[in-house]
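Per the working numbering, the sequence shown starts with residue 32, numbered consecutively.
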Amino acid sequence: MTIAGHPTSISLEPLFWDALEAAAAQRGLPVNALVARIDVERMEAADPPNLTSAIRQWLWHARSADQTAA
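Here it is, written out as structure tokens:
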């Protein structure tokens, strides 16, 4: 996967890959574009987690927000 012009690898469990692909599709984005957005948010934190952790956290918060809105 290429993020901000840099190749990177992300190791996620299949459940999280499925959720990430669904979240990207729901937002009309390619997966790497959504991951790039998550990466930007991650780097704004005082103590940023690694990218894989940030993706899992983002997915958790996105799911919680979707359930609250429903």
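A virtual CB, placed ideally from N, CA and C, is assigned to each residue, including glycine. Being a predicted model, the structure only gives us computed values, none of them experimental.
Query	Result
Buried/exposed call for VAL66, threshold 16 Cβ in 10 Å	buried
According to DSSP, residues forming a beta bridge with HIS37	ILE34
Option nearest ARG86 by Cα separation, candidates GLY36, HIS37 and ALA64	It is worth fixing the name first, because residue 86 is Ile in this sequence and not Arg. It is ALA64 whose Cα lies nearest to the Cα of ILE86.
Between the CA atoms of GLN98 and GLY36 - distance to the nearest angstrom	34 Å
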